[in-house]
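Report on the structure given below.
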Amino acid sequence: MDFIKGFDRDQLIMMDFESNVALDSWARVVDWFVDVLPMEELGFSDVLNSEGRPPYKSEDLLKLFLYGYKKSLRSSYKLEEACKINLEVIWLLKGLRPSARKIAYFRKENSKAFKQSFRYFVLMLKEMDLISGETIAIDSFKIRAQNSLKNNFNQKKIDQHIDYIDNKLKDYEEALNSEEIPEIEKQEIIKKKKIQQERRKEYKQIEQELKESGESQISKTDVDARSVILHRNVVNVGYNIQAGCDIKHKLFINNSTGTVNDTHALAEMALDAKTLLKVDKMNTLTDKGYTTGVHIDTCSKNNITTYSSPKAHSSQNNGLYNMEVFEYNKEEDSYKCPAGLILHSSGVIYKKGNHKVKRYTTKQCEGCNLRSKCTTNKRGRIIERSIYQEAIEANQKRVEQNPEYYKLRQQITEHQFGTLKRQWGFTFTLMKGKENVLTEVNLMMMAYNLRRLMSIFDINTLKKRLKSLCLYFLAIISQNRRDLSNQKTISINSQVNNHQNLHRLKAA
Ligand code: SF4
């Protein structure tokens, strides 16, 4: 029977690497993109060789990382191997074979430059009119850290361990005092007792560290990692990655990793995006987790209009009168209850969890006929109003009046997360520490945005657009250098906003 056969291994073949890389391959796009970047201005430092050989160019290593992150090749060992066996990588790096150690060192030492590159890329995308900055959706996804659940402690966990050890020590003590146990077994028990005493000391040390940190939990391998709910009550130690995406082409704008949930992320992310994109006003779309009074208030004071899914008031669903039947009077700062009585506030602001509230009461609840429907509190009904209630209500009104607009939120963010996690395998980080983890996030988001460009433009247009931007940014950089020589400190961001340069280039 005849089969399709491969080539003869002993046959000599003439070939070039150029013809082995498709014209629309990811490697070529990465090559064009990195060639546009002003590496020095972005803060990249070249990897120096201790042996005295010249260093690798940071461009080459950045190309290697961008290529790898899209292809699920993230570890330095896999990247080192790819430099030897992957034809596209051999073409991209022109046969360079950096060691895994140098690859890892470059990533670790350039976290700020990776961040700056991603932000620079976002500005390029805005310049290409692919990011509008009118509406951004902010959402988060969780990734596992290089820290096992076993090496993450909170006070409850420490107490459980110490209780267990104390019980063990008690059993050992009883056994040692018993006359029924032979001497040879007692020697074994003494050894076990010493081990448990050492473990107890370690847990006490961790308890001390936890107290000194002022945090509710502590991780021993990656100190910045925290216990997070990955999905459906599955808890692991990891990071909660915040991501802002623009409405126009669903491109990533910014990122951050702060706390384990989204409660305190909205204002930081929204303000950062607005500053980066240099827009006067902006809308944000976020889910319920981000609905925090102080953040909505901060956004509205900074010309950012929030559309954040409203949270139900804590008084709802308990069978008693909910807040909607209480009428608020702004001028008098009081509430009118269903019995027609007025609830006043003493003006004192209380801290309740993460919220600041004022309390409203009336002394006439005691003899009220509606009391059984209104409150179970002995002192009568107490209404707690956030000091940011006005901003919260305005946000709620906007969401309720614009349901179709709010629905866009899911379309703008969630697809990207699926691509990063399911297709590109970004469900865990290889690095330790917030800054290094964000390096991985920045690489992932750069690769994602670049990949999106391949869908938006055909390959030849993409090449032309990237090259024209190169000229534009070169003009900015040369201006930047002139300004620096005049003793002025000018950031890349402020230079991007330099319309004079833009017009000069466009005219050219
Ligand atoms: S219990 Fe108090 S707050 Fe409630 S309806 Fe009666 S008077 Fe008003």
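Residues 37 to 544 (this note's numbering) are what the sequence shown spells out, left to right.
By construction, the Cβ of each residue, glycine as well, lies at the ideal position given by its N, Cα and C atoms.
If you're wondering where the values come from, they're calculated on a predicted model, not measured in any experiment.
> Quick check: the stretch 160-171 against the stretch 87-107, are there 3 or more CB pairs under 8 Å?
Replying inline: Cβ pair count under 8 Å is below three, so no.
>> Buried or exposed for residue 331, going by 16 or more other Cβ atoms inside 10 Å?
In response: Buried, since its Cβ has 16 or more Cβ neighbours within 10 Å.
> Taking the alpha carbon of residue 380 as the point to measure from, which residue in 388, 390, 394 and 386 has its own alpha carbon closest?
Replying inline: 394
> Whose beta carbon lies closer than 7 Å to any heavy atom of the ligand SF4, going through the chain in order?
Replying inline: 357, 373, 374, 375, 377, 379, 398, 400, 401, 404, 406, 407, 410, 411, 416 and 417
>> Please identify the residue among 428, 390, 361 and 365 whose C-alpha is closest to the C-alpha of residue 333.
In response: Out of 428, 390, 361 and 365, 428 has the C-alpha closest to the C-alpha of residue 333.
> Which full runs of the beta strand (DSSP E) of 3+ residues lie inside the stretch 408-456, going along the chain?
Replying inline: 419-422
> Where do the N-terminal and C-terminal ends of the alpha helix (DSSP H) with residue 110 fall, by residue?
Replying inline: No alpha helix (DSSP H) holds residue 110; DSSP gives it neither H nor E.
>> In this structure, how does DSSP classify residue 345 when only helix, strand and coil are distinguished?
In response: coil
> According to DSSP, what are the bridge partners of residue 318?
Replying inline: 340
> Is DSSP giving residue 523 helix, strand or coil here?
Replying inline: Because residue 523 sits at a pLDDT of 44, beneath the cut-off of 50, its placement in the model cannot be relied upon, and the point is left open.
> So residue 65 is in the alpha helix (DSSP H); what residue range does that whole segment cover?
Replying inline: 62-72
> Got a sec, what are the start and stop residues for the beta strand (DSSP E) residue 189 sits in?
Replying inline: 188-190
> Can you round the beta-carbon distance between residue 272 and residue 259 to whole angstroms, since I take them to be within the 8 Å contact cut?
Replying inline: Wrong, their Cβ atoms sit about 16 Å apart, outside the cutoff.
> Is the beta carbon of residue 103 sitting closer than 8 Å to the one on residue 125?
Replying inline: yes
>> So, under 8 Å CB-CB, residue 390 and residue 328 are touching, yes? Tell me the CB distance rounded to an integer number of Å.
In response: 7 Å
> Which first and last residues belong to the beta strand (DSSP E) in which residue 175 is found?
Replying inline: 171-180
> residue 253 by DSSP, collapsed to three states: which one?
Replying inline: strand
>> To the nearest angstrom, how far is the alpha carbon of residue 444 from that of residue 40?
In response: 50 Å
>> According to DSSP, is residue 388 part of a helix, a strand, or is it coil?
In response: strand
> CB-CB under 7 Å to residue 326, same chain, minus the five flanking residues each way: which ones, in chain order?
Replying inline: Counting only Cβ-Cβ distances below 7 Å, and skipping sequence neighbours, we find 174, 298, 301, 302 and 344.
>> Cutting at 6 Å between CB atoms, please list the residues of its own chain near residue 555, excluding the five before and the five after it.
In response: No answer is possible for residue 555: the residues shown for the chain start at 37 and end at 544.
>> Using a 10 Å radius around the Cβ and a threshold of 16 neighbouring Cβ atoms, would you call residue 282 buried or exposed?
In response: buried
>> On a Cα-Cα basis, can you pick out the residue from 209, 321 and 440 that is closest to residue 226?
In response: For the residues 209, 321 and 440, the minimum Cα distance to residue 226 belongs to 209.
>> Let's test the definition: count the other Cβ atoms within 10 Å of the Cβ of residue 183 and tell me whether it reaches 16, buried, or not, exposed.
In response: Here residue 183 is buried. Its C-beta has 16 or more other C-beta atoms within 10 Å.
>> Considering just the uninterrupted stretch of the alpha helix (DSSP H) at residue 354, what are its terminal residues?
In response: Bounds of any alpha helix (DSSP H) do not take in residue 354, whose DSSP letter is neither H nor E.
> Just to confirm, are residue 188 and residue 112 a CB contact at a threshold of 8 Å?
Replying inline: no
> Is residue 405 helix, strand or coil when you go by DSSP?
Replying inline: coil
> What is the residue span of the alpha helix (DSSP H) that residue 96 lies within?
Replying inline: For residue 96, the uninterrupted alpha helix (DSSP H) segment begins and ends at 94-106.
> Near residue 144, which residues of its chain fall below 7 Å by C-beta distance, leaving aside the five closest residues on each side in sequence?
Replying inline: 472
>> Less than 8 Å between the C-beta atoms of residue 356 and residue 410, yes or no?
In response: yes
> Around the Cβ of residue 523, are there at least 16 other Cβ atoms within 10 angstroms (buried) or fewer (exposed)?
Replying inline: Bear in mind that a pLDDT of 44 at residue 523, under 50, signals an unreliable position, so the number given afterwards is only what the model happens to contain. Counting the other CB atoms within 10 Å of its CB gives residue 523 a total below 16, which places it among the exposed residues.
>> Using 8 Å as the cut-off, can you tell me whether the stretch 195-212 makes contact with the stretch 308-328, which would need three or more C-beta pairs spanning the two stretches below that distance?
In response: no
> In terms of residues, what are the limits of the alpha helix (DSSP H) holding residue 138?
Replying inline: Boundaries of the alpha helix (DSSP H) harbouring residue 138: 136-145, taken from the DSSP string.
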